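The numbering of the sequence shown is the working numbering, which starts it at 7 and goes up by one.
Virtual Cβ for every residue (Gly too), placed ideally from N, Cα, C.
Here the structure is a predicted model, which is why all the values come from computation and not from measurement.
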Amino acid sequence: MKVFVFISIPFLILLLNPRVSSEALSDGEPEHASFPPRGWNSYDSFCWTISEKEFLQSAEIVSNRLRPHGYEYVVVDYLWYRRKVKGAYTDSLGFDVIDEWGRMIPDPDRWPSSKGGKGFTEVAKKVHSMGLKFGIHVMRGISTQAVNANTPILDTISGGAYEESGRKWSAKDIGIKERACAWMQHGFMSVDTKLGAGRAFLRSLYEQYAEWGVDFVKHDCVFGDDLDINEISFVSEVLKQLDHPILYSLSPGTSVTPAMAKDVSGLVNMYRITGDDWDSWGDVIAHFDVTRDFSTASMIGAMGLLGKSWPDLDMLPLGWLTDPGSNEGPHRRSNLNPDEQRTQMTLWSMAKSPLMFGGDVRKLDETTYNLITNPTLLEINSFSSNNMEFPYITSMRDSKGRDDILAWLSTRSLTSVEISDTHVLGLTGCMNSKAIGWSIQASDQDPEKICWKEKLGSKHQAPLCLYKRGSLLPLDERMTYKQQYEGKLHLTATDRMDSCLSASSNQKLTSKEFKRGALLPCRWDTNQMWELNFNGTLVNSYSGLCATVNDVEAQVSSGGTRSWIATGRRGEIYIAFFNLSPAKTVISAKISDLVKVLPSKNLKGNSCKCKEVWSGKEIAVTDQTISMAVEIHGSALFVLNCD
Ligand SMILES: *[C@@H]1O[C@H](CO)[C@@H](O)[C@H](O)[C@H]1NC(C)=O
């Protein structure tokens, strides 16, 4: 919808805001978020309780110690407007400070410089004087408190109350009670962006943030399960019109798919692709599948609001922390062990995620500091390209390791779906020849079957087949979705038609809710839609990855190992091995397989120099292979320079 008229807004802001200079966005202007944004966010260490004093202390340390490494944003996370008094907590109602127009303003007890209607102006000034940029967290729409108080709506163009059709509009007219934020029911609700008054309200918020000097907005409860595309689109329009550039970030990203992200990535600069990440090992591994899917869908560094956009894997909960939803500040160490922390930081870097450190910088220990400022990781994070999962690794374990893995596979499976006692279905890139081998089996019987080429395992076994399921859509809706549906199949592993093959655990990706990718109740979901290509590959509509079949034996050896690759700006190649399994594992990659995925490289192993980052050792490339024993939950990171 292009019905909004903005002509006078930039001028108005120019009058109101001394920080806005005449340098309007022009061709010469630097792009927004040309690199994955980097900074510090208060949530993991303070939850909502941070004060101005604590925030500025932290900013000072970020400026001195982390800014030289590219950490430039300092972000106040949620509820800076909530009074920190008895009875107030993360979903309490009635403790927020709002202005006469129903807008959130900083709690003056926690943020004393905000007194006298100054909002965050003084804080932003101090942050800027430290050479940093200032960010805030905001919620969807309008607060329940403003709706209950039925505050009038500010028309920033006239400077008075918003009037239309001969009457003044107020909060009750625009708040949609049925669309309360699902995870903060008492706090906030969507506003109706079809109403001029709804749009005027949102505009009055973001113009005020620009006046305060805010450089970064983390907009919460509008994406993932809480998707509100109207609000995101309108806020993006408002931000585009501001002379003061504001980076636009969406959070959280529970149940996000690349298809959903494609509708918003051009409107924003970063967006979460998982639920909240905390310091548990389950949270770390929950990022591998979804991150692979977003890189496969070419979403890393895609076009964004006035620049680029980045899939965001969430803050780094390392060092000294608090707990989710807590009323307490930092009081405990991160639960991730050093191997797990390196694995997290390596995946975040290889996937070019924004890096927002979450720990208390006032108690930043040397190990954590060295990890988050590791020059190789930061080089990869900013400057590498062709970042993707590398599917061609092999893994080996001794007999104890194999027993550990068998036990582990019986409780969970990260990459595979068991479709019989001896076969597991795995996912791989569609260019991999291991993905070829699916065909429709000629038969007069219903339902039709799609079978894998060979009888794996025992010679006497029946071929491995999946059953085609009829359309899940009612006839009248099939027309509407014709394009999406054509050629796409739902597949079941038995002729019972209630469970469908799902490619990814497209569920709430938090440790609590992590589910094995599996046979799930059949539903209209791209994760369950497959297409048979002419060359015999079976591609999944959600991730673009192809199905392959392994026997359990092969699965045991590959179980729980992953790899990512990327190329550097000087032609170097980065390879990361991840051992997500509970047994020490030797992981190997062949130089000749690198060539399969990297753009036209003529690599010869014996001309390559290879250095492993964590050990600091030069690694010999023998038999055209890079190989290393990787600790439980650990990673290896190689820098490969070939002539
Ligand atoms: C098979 O065909 C698909 C679709 O045309 C293509 O993307 C894929 O790379 C092919 N895979 C192989 C191994 O030839």
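Could you tell me which uninterrupted beta strand (DSSP E) segments, each at least 3 residues in length, are contained entirely in the stretch 533–613, listed from first to last along the chain? 536–538, 544–546, 552–557, 567–573, 579–585 and 591–596
Could you tell me if E237 is buried or exposed, where buried requires 16 or more neighbouring beta carbons within 10 angstroms of its beta carbon? buried
Is I306 close to ligand 1? I mean its beta-carbon at under 8 Å from any heavy atom of the ligand. no
Answer yes or no: the CB of M136 versus the heavy atoms of ligand 1, is any distance below 8 Å? no
Which parts of the stretch 25–90 are runs of the alpha helix (DSSP H), unbroken and 4 residues or longer, counting only runs that do not cross its ends? 49–52 and 58–67
Give the C-beta separation of L507 and G435 to the nearest angstrom, bearing in mind that I take them to be a contact with Cβ-Cβ under 8 Å. Cβ-Cβ separation between L507 and G435: approximately 19 Å, too far for a contact (criterion under 8 Å).
To the nearest angstrom, how far is the alpha carbon of R418 from that of Q534? Below a pLDDT of 50, predicted positions are generally treated as unreliable, and R418, at 49, falls in that range; the measurement from the model is reported next regardless. Whole-angstrom Cα-Cα distance: 20 Å.
Look at L383 and M351 and say whether their C-beta atoms are less than 9 Å apart. Yes, these two residues count as a Cβ contact at 9 Å.
Starting from the N-terminal side, write out each stretch of the alpha helix (DSSP H) that is 4 residues or longer and does not extend beyond the stretch 276–332. 287–302
Using C-beta distances below 6 Å, list every residue in its chain close to G307, excluding the 5 sequence neighbours before and after it, in chain order. K314
Residue of V153, G365, A203 and G165 minimising C-alpha distance to A186: V153
To the nearest angstrom, how far is it from the Cα of L526 to the Cα of Y473? 15 Å
So what does F194 bridge to, in DSSP terms? S149
If we count the other Cβ atoms within 10 Å of its Cβ and call it buried at 16 or more, is S135 buried or exposed? Here S135 is exposed: its Cβ has fewer than 16 other Cβ atoms, across all protein chains shown, within 10 Å.
Within this structure, are the beta carbons of K224 and I142 separated by less than 9 Å? yes
Three or more C-beta pairs under 8 Å: does that hold for the stretch 586–597 against the stretch 398–407? Contact check between the stretch 586–597 and the stretch 398–407: three or more CB pairs, one atom from each, fall below 8 Å, which counts as touching.
Distance, Cα to Cα, W54 vs V545? Answer to the nearest angstrom: the Cα atoms are 44 Å apart.
Neighbour-count burial assignment, P317, 16 or more Cβ in a 10 Å radius: P317 is buried by the Cβ-count criterion.
Please list, following the chain, all residues that have a C-beta closer than 5 Å to any non-hydrogen atom of ligand 1. C436, M437, N539, N541 and T543
Give the secondary structure of S171 by DSSP, where H, G and I count as helix, E and B as strand, and everything else as coil. coil
Is the beta carbon of S549 closer than 9 Å to that of F584? no
Taking L248 as the reference, which of V296, Y212, S564 and T328 has the closest Cα? Y212
State the DSSP-derived secondary structure class of G165, mapped to helix, strand or coil. It is coil, neither helix nor strand.
Can you tell me whether K363 is buried or exposed? The criterion is at least 16 other CB atoms within 10 Å of its CB, across all chains shown. Sequence check: residue 363 is Phe here, not Lys. It counts as buried.
In terms of residues, what are the limits of the beta strand (DSSP E) holding T157? Premise fails: T157 is in no beta strand (DSSP E) and is neither H nor E.
Rounded to whole angstroms, what is the Cα-Cα separation between G574 and C471? 42 Å
Specify, as a first and last residue, the run of the alpha helix (DSSP H) that W218 falls within. G202 to W218
Here's a check: name, in chain order, each residue in its chain whose Cβ is nearer than 7 Å to the Cβ of S120, leaving out the five neighbours to either side. I111, P112, P114 and F126
Ignore the nearest five residues each way along the sequence and tell me which others in N647's own chain have a CB closer than 7 Å to its CB. E578, C614 and K615
To test your reading of the DSSP string, which unbroken alpha helix (DSSP H) runs of 4 or more residues are found completely within the stretch 213–259? 235–247
Can you list, in chain order, the residues of its chain with a C-beta nearer than 6 Å to that of E618? Leave out the 5 residues immediately preceding and following it. I625, A642 and F644
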